[in-house]
Structure formats: C-alpha cells, structure tokens
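Enquirer: Counted the way our numbering counts, the sequence shown spans residues 50 to 169.
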Amino acid sequence: MDYIFDNERPIYIQLVEKLRMEIISGKLKPGEKIPSVREFAIIARVNPNTMQKALVQLEDEGLIFTERTNGKFVTENKELIEKIKKELAMEKVNNYLKDMKNIGIDFAQAIKYLQELGKS
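#1: At 4 residues or longer, and completely inside the region 50 to 82: list those alpha helix (DSSP H) runs for me, N to C.
#2: In or out: residue 93 buried (at least 16 other Cβ within 10 Å) or exposed?
#3: Let's test the definition: count the other Cβ atoms within 10 Å of the Cβ of residue 166 and tell me whether it reaches 16, buried, or not, exposed.
#4: Is the CB-CB distance between residue 81 and residue 123 below 8 angstroms?
#5: I believe residue 130 touches residue 73 by the beta-carbon criterion, under 8 angstroms. Please report the beta-carbon distance rounded to the nearest angstrom.
#6: What is the rounded straight-line gap between the Cα of residue 154 and the Cα of residue 145?
#7: Specify the secondary structure class of residue 105 as computed by DSSP and reduced to three states.
#8: Can you name, in chain order, every residue of its own chain whose Cβ lies under 8 angstroms from the Cβ of residue 127, other than the five neighbours on each side?
#9: In whole angstroms, give me the CA-to-CA distance for residue 117 and residue 162.
#10: Hey, which unbroken runs of the beta strand (DSSP E) at 3 residues or more fall wholly within the region 91 to 162?
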C-alpha cells in the first residue's frame, strides 16, 4: 500500500479513505487480520495516534473489528462492504453527472461517454 498524503485535508481522513478503499476493493479481505496500530503507523509513516484515530473511525463504521487479544480484523459482513461500495459508486456517478451538467453536457451524452470509455 502506498501512502501519499496531501496537505489540504487531515491525514486521518485520508487514511480512512485509503483503508476503506482497500476493504471495499477486496485488497484487504473479509476476516483478514490487519497490522497493529504501531505497525500500520510505521508502514504509513504517520503518528500512531493519527493511525489510531483512523482505525477507530473504520471500527465505528463497522468495516473493522477488534478481538481483544488477537488484534484488528476486516469485517466479514459482505453486505456492509457491498453497501458501502454502492454508496461510494453512487457518489462518484452523481459527481460525474453534476460535472457534466455544469459544462453543458446532458445526461444522455454523459452516459454515452461512459459507454465509450467502458469499451476501451
């Protein structure tokens, strides 16, 4: 995993987004053990407190869980993963359609562009 951060947004939010993508894309598998906070912080080159804050948010979302003596794991709730994946996809499509409308491209033409890109 590559961790490159921009200075425009808090690092913990960028970590949450990156790890969420790793989970919903399947790079981190359901039930997979993830590194400890300290190990993850070293990998990402961030402060352990920042990593802890990101992991707490992912745990609050239900994407990871903690087993007291065994560490943290990716959720095995595939329905939750699919729900979050769909929400993210819908958000991206909505943003795309808004952007197209803002530059004067109607819905039908925007869909046509997507179909053209999908063929390549």
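C-beta: ideal position from N, C-alpha, C; glycine also.
Expert: Based on what the coordinates show:
#1: 60 to 73
#2: Indexing the sequence shown from 1 puts residue 93 at position 44. Buried, because 16 or more other Cβ atoms sit within 10 Å of the Cβ of residue 93.
#3: Along the sequence shown, read from residue 1 onward, the residue named residue 166 stands at position 117. Exposed is the call here.
#4: Against the sequence shown, residue 81 aligns to sequence position 32. Against the sequence shown, residue 123 aligns to sequence position 74. For residue 81 and residue 123, yes; Cβs fall inside 8 angstroms.
#5: As a working note, residue 130 is residue 81 in the sequence shown. As a working note, residue 73 is residue 24 in the sequence shown. Confirmed, Cβ separation roughly 6 angstroms.
#6: Indexing the sequence shown from 1 puts residue 154 at position 105. Indexing the sequence shown from 1 puts residue 145 at position 96. When only Cα atoms are considered, residue 154 and residue 145 end up about 11 angstroms apart.
#7: For the purposes of this step, residue 105 is identified with residue 56 of the sequence shown, where counting begins at 1. If DSSP states are grouped into helix, strand and coil, residue 105 belongs with the helices.
#8: Taking the first residue of the sequence shown as 1, we reach residue 127 at position 78. Hits under 8 angstroms: 79.
#9: Your numbering for residue 117 matches position 68 in the sequence shown. Your numbering for residue 162 matches position 113 in the sequence shown. Spanning the two alpha carbons is a distance of roughly 49 angstroms.
#10: Restricting attention to beta strand (DSSP E) runs no shorter than 3 residues, the region 91 to 162 encloses them at 113 to 116, 120 to 123, ordered along the chain.
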